[in-house]
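This report refers to the structure that appears directly beneath it.
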Amino acid sequence: VHPKQDAPPPSLPPSSISPSVAAPSSAAIDLKELIDQLRSRDIHTPILLRFTDLLRERLAEIASAFQTAITENDYQSNYCAVYPVKVNQQRHVVEEVLGFCKQHNFGIEAGSKPELLAVLALVTDNDTPIICNGFKDDAFIEAVILASKIGRNIIPVVEKLSELRLIIRCAKKHNVRPRIGVRVKLATTAASKWEDSGGMRSKFGLFISELLDAIEILRSENMLDCLQLLHSHIGSQLSDSAQIKRAVNELARVYCELHKSGASMQLLDVGGGFGVDYDGSQSTAHSSINYTPQEYANNIIFHIKEACDAAQVPHPTIISESGRAMVAYSSVLVFDILGWSGFKRFPLPEATPKNLEDLIKPVQTLYETFAEINTDNYIEYYHDAQMNRDEALSLFNLGYGSLQERGLAEKLFFGICSKVLTIVKTLPDMPEEFANLEAMLADTYFINGSVFQSLPDSWAIEQMFPIAPIHRLDQEPTCRGKLVDITCDSDGRIEKFIDATGTKDVLELHTLTDDPYYIAVFLVGAYQEILGDLHNLFGDTNAVHVSLDDNNQVSIDEVVEGDTVSEVLRYVQYEPEELRRNMRRIIEQSIKNKKLTVNEGKALRLFYEQGLAGTTYLNPDSNT
Ligand code: PLP
Numbered sequence: 043v044h045p046k047q048d049a050p051p052p053s054l055p056p057s058s059i060s061p062s063v064a065a066p067s068s069a070a071i072d073l074k075e076l077i078d079q080l081r082s083r084d085i086h087t088p089i090l091l092r093f094t095d096l097l098r099e100r101l102a103e104i105a106s107a108f109q110t111a112i113t114e115n116d117y118q119s120n121y122c123a124v125y126p127v128k129v130n131q132q133r134h135v136v137e138e139v140l141g142f143c144k145q146h147n148f149g150i151e152a153g154s155k156p157e158l159l160a161v162l163a164l165v166t167d168n169d170t171p172i173i174c175n176g177f178k179d180d181a182f183i184e185a186v187i188l189a190s191k192i193g194r195n196i197i198p199v200v201e202k203l204s205e206l207r208l209i210i211r212c213a214k215k216h217n218v219r220p221r222i223g224v225r226v227k228l229a230t231t232a233a234s235k236w237e238d239s240g241g242m243r244s245k246f247g248l249f250i251s252e253l254l255d256a257i258e259i260l261r262s263e264n265m266l267d268c269l270q271l272l273h274s275h276i277g278s279q280l281s282d283s284a285q286i287k288r289a290v291n292e293l294a295r296v297y298c299e300l301h302k303s304g305a306s307m308q309l310l311d312v313g314g315g316f317g318v319d320y321d322g323s324q325s326t327a328h329s330s331i332n333y334t335p336q337e338y339a340n341n342i343i344f345h346i347k348e349a350c351d352a353a354q355v356p357h358p359t360i361i362s363e364s365g366r367a368m369v370a371y372s373s374v375l376v377f378d379i380l381g382w383s384g385f386k387r388f389p390l391p392e393a394t395p396k397n398l399e400d401l402i403k404p405v406q407t408l409y410e411t412f413a414e415i416n417t418d419n420y421i422e423y424y425h426d427a428q429m430n431r432d433e434a435l436s437l438f439n440l441g442y443g444s445l446q447e448r449g450l451a452e453k454l455f456f457g458i459c460s461k462v463l464t465i466v467k468t469l470p471d472m473p474e475e476f477a478n479l480e481a482m483l484a485d486t487y488f489i490n491g492s493v494f495q496s497l498p499d500s501w502a503i504e505q506m507f508p509i510a511p512i513h514r515l516d517q518e519p520t521c522r523g524k525l526v527d528i529t530c531d532s533d534g535r536i537e538k539f540i541d542a543t544g545t546k547d548v549l550e551l552h553t554l555t556d557d558p559y560y561i562a563v564f565l566v567g568a569y570q571e572i573l574g575d576l577h578n579l580f581g582d583t584n585a586v587h588v589s590l591d592d593n594n595q596v597s598i599d600e601v602v603e604g605d606t607v608s609e610v611l612r613y614v615q616y617e618p619e620e621l622r623r624n625m626r627r628i629i630e631q632s633i634k635n636k637k638l639t640v641n642e643g644k645a646l647r648l649f650y651e652q653g654l655a656g657t658t659y660l661n662p663d664s665n666t
């Protein structure tokens with residue numbers, strides 16, 4: 043039996059008027075309608091929408107892919123996904139995931155003390171597997187051992203040898219025989235943004251020689267039967283299925299040797315890394331993957347079975363820690379656009395002005411170029427325009443040109459560029475020199491949000507996310523734009539977008555009208571919320587849990603309000619009550635000094651108090 047390659051997923055049907063999130067039952071949720079409904083309840087953008095049905099569907103898809111692979115390969119054991127809490131620790135998300143995990147006998151993974159403490163209080167049964175990764179101290183290990191003592195199905199995974207000694211000591215102290223796991227450093231690495239997670243230089247896990255020491259330590263303590271799980275993780279977002287095959291094969295070989303050495307091996311934990319096809323290219327690009335869930339499952343089951351059969355070792359229960367693949371799909375972030383700016387917004391220069399002769403020479407020439415540029419001369423005229431724009435700037439800097447003339451040069455130059463763009467777009471092949479013209483002329487759309495808070499991977503590692511307007515999709519998007527956020531940081535921008543043929547520098551957008559304009563960023567359920575930071579004190583956005591009820595009606599199940607200004611100020615050690623008192627004193631003083639009237643003072647105090655209680659984002663309704 044060879045691992046089966048299943049067919050690529052069918053492409054989406056052509057979009058209708060407004061994009062919708064396809065619910066599993068094939069019903070659909072109209073995003074614009076949903077945002078309008080929320081707005082009428084005073085829940086404003088930016089809003090993170092979490093779709094419960096997509097989460098459920100995704101877990102079911104992973105479970106079903108592994109079940110199919112198990113059946114087809116005649117694999118003699120089972121599969122269990124564990125949800126790594128670090129991917130999204132929000133309580134509402136973890137509770138939903140845990141609920142769906144129970145349906146499939148899946149488990150959960152904690153990688154730090156706070157995560158462990160949260161998980162220990164959330165998992166109230168003795169069946170749900172709890173895997174504990176990450177560096178551990180005495181207190182961490184003691185909590186795990188005591189959880190083991192009360193019957194929890196909990197496994198500490200040894201990341202460094204000293205932890206094993208702590209586990210043994212603590213187990214003896216409490217008279218517990220815990221299930222123990224070890225993480226191993228594999229030689230296989232994966233070419234991904236997270237490739238340092240794997241290989242001999244990886245931060246976590248034991249070298250093979252340390253693994254051999256661990257076996258001897260456990261044997262000498264008469265605890266070798268406690269060693270039951272082998273784990274490795276070679277990185278997140280693994281793009282290429284070939285790397286997964288190599289890593290799983292190496293891991294399975296180590297597993298078989300551990301089994302032969304006398305350990306009571308039962309569980310093989312292949313880690314995370316199951317990626318998401320963010321850019322839709324189904325390729326090895328870093329924002330994509332070249333395999334489907336079925337192929338992923340087939341590869342893992344096939345290679346583990348093959349190694350175990352060859353070594354005559356019983357098939358282990360296979361665990362994967364597939365965080366991203368579980369939760370990325372279920373969240374969509376919707377921003378409103380606050381406004382736009384751009385060269386195309388300038389009114390184009392009128393035909394040759396009466397005072398042409400009075401203007402500096404390069405501006406006169408730019409007027410001529412603007413009037414006369416055409417398909418036959420555009421390359422030469424474009425070069426002339428660049429030179430004349432530079433000369434106008436030099437003359438201005440030397441004191442020979444006025445601000446008006448500099449403004450005219452700017453306007454004329456961009457007018458000429460727009461004409462060149464119109465010409466080159468009609469050509470079968472865009473001359474290379476003009477490839478950046480569209481990006482250079484792009485409008486800037488201001489999103490009411492923070493890239494640092496809501497899309498940190500876009501900023502930090504150039505992760506691509508699908509981005510599109512959520513309405514007016516029956517109207518041609520005549521504008522080309524880039525997105526900038528409202529932080530005072532020029533890095534707070536998105537300038538690369540997904541294109542059918544790769545990436546593009548501009549996004550197709552509509553002209554703004556007096557009505558709100560919304561764009562959505564898809565596939566943001568993994569890592570973005572927790573990695574997001576408070577840059578400029580923009581806090582968590584509102585988050586809304588949405589599902590379809592039995593009649594396929596949209597149900598707003600939970601509204602998690604975003605951070606208030608008071609909350610983010612407290613985070614940086616300001617006490618809002620104290621600020622309020624100070625402000626009151628300042629206002630009273632100003633009234634006394636007759637700098638403010640009583641009514642003005644009252645208005646300022648009201649503004650301040652409402653501001654503290656309000657959202658950290660701008661009010662879209664005050665912005666037309
Ligand atoms: N397990 C471990 C040990 C990890 O370090 C990570 C993340 O890098 C994961 C699981 C989750 O990986 P992913 O979200 O790519 O599935």
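Each position in the sequence shown, counted from 1, maps to that position plus 42 in full-length UniProt numbering. We treat Cβ as the ideally placed atom computed from N, Cα and C, and that holds for glycine. For clarity, every value in this text was computed on a predicted model and none was experimentally measured.
Here K524 is bridged, per DSSP, to T486.
Proximity to A160 across D471, G176, I259 and R133 peaks at R133, based on C-alpha coordinates. At least one heavy atom of ligand 1 lies closer than 7 Å to the C-beta of Q279. Q279 sits in coil when the DSSP states are folded into three classes, being neither helix nor strand. Secondary structure at D541: strand, using DSSP grouped into helix, strand and coil. Looking at the DSSP output, D78 shares a beta bridge with no other residue. When C-beta atoms of the region 625-635 are compared with those of the region 573-586, fewer than three pairs fall below 8 Å, so the two segments do not count as touching. Between the alpha carbons of L445 and V607 lies a gap of roughly 41 Å. Only residues of its own chain outside the window of five on either side were considered, and among them G604 and D605 have a CB closer than 6 Å to the CB of D582, listed in chain order. Residue range S373 to S383 is occupied by the beta strand (DSSP E) that includes S383. Boundaries for N584: no alpha helix (DSSP H) harbours it, while the beta strand (DSSP E) harbouring it runs N584 to L590, taken from the DSSP string. Going by beta carbons, L228 and L271 fall outside the 8 Å limit. The residues E263 and M265, in chain order, have a CB closer than 7 Å to that of I210 in the same chain once the five nearest residues on each side in sequence are set aside. The alpha carbon of A339 has as its nearest neighbour, out of S325, D351, L97 and G314, the alpha carbon of G314.
Taking 8 Å as the cut-off, the beta carbon of D267 is found closer than this to the beta carbon of S306. Residues G149 of the same chain have their beta carbon placed closer than 6 Å to that of T170, with the five preceding and five following residues left out of the count. Excluding residues up to 5 positions away in sequence, N115, Y117 and H357 lie with their Cβ nearer than 7 Å to the Cβ of K347 in the same chain.
For C212, the secondary structure class from DSSP, reduced to helix, strand or coil, is helix. Under the 8 Å Cβ criterion, the region 522-538 counts as touching the region 476-491, having at least three qualifying pairs. Taking 8 Å as the cut-off, the beta carbon of E201 is found no closer than this to the beta carbon of F249.
Listed in chain order, the non-local C-beta contacts of P519 below 8 Å within the same chain comprise P511, E550, L551 and H552, local neighbours out to five positions each way being set aside. The continuous alpha helix (DSSP H) containing P156 extends over residues K155 to L164. Between N217 and S283, the C-beta spacing is not below 8 Å. In the three-state scheme derived from DSSP, where H, G and I count as helix and E and B as strand, T657 is classed as strand. Assignment of L463 by DSSP, reduced to helix, strand and coil, places it in the helix class. In summary, N430 is buried, with 16 or more beta-carbon neighbours lying within 10 Å of its beta-carbon over all protein chains present.
Sequence-distant partners of C350 (beyond 5 residues in either direction) whose C-beta falls short of 8 Å from its own C-beta, in its chain, are A294, Y297, C298, P356, H357 and P358. Around the beta carbon of S383, a 10 Å sphere encloses fewer than 16 other beta carbons of the protein chains shown; the residue is thus reported as exposed. Under the rule that a run must span 3 or more residues, the beta strand (DSSP E) segments found entirely inside the region 241-329 read 269-273 and 309-311. Boundaries for L188: no beta strand (DSSP E) harbours it, while the alpha helix (DSSP H) harbouring it runs D180 to K191, taken from the DSSP string. The alpha-carbon of V312 is positioned some 42 Å away from that of E75. Note that the C-beta distance between V563 and L375 is below 8 Å. Under DSSP, the beta-bridge partners assigned to T359 are L309. Taking a 10 Å sphere around the C-beta of M482, we find fewer than 16 other C-beta atoms and assign the residue as exposed.
Closest option to D547, judged by alpha-carbon separation, among A189, E480 and S500: E480. Your pair G365 and V129 checks out as a contact, with CB atoms roughly 3 Å apart and the cut at 8 Å.
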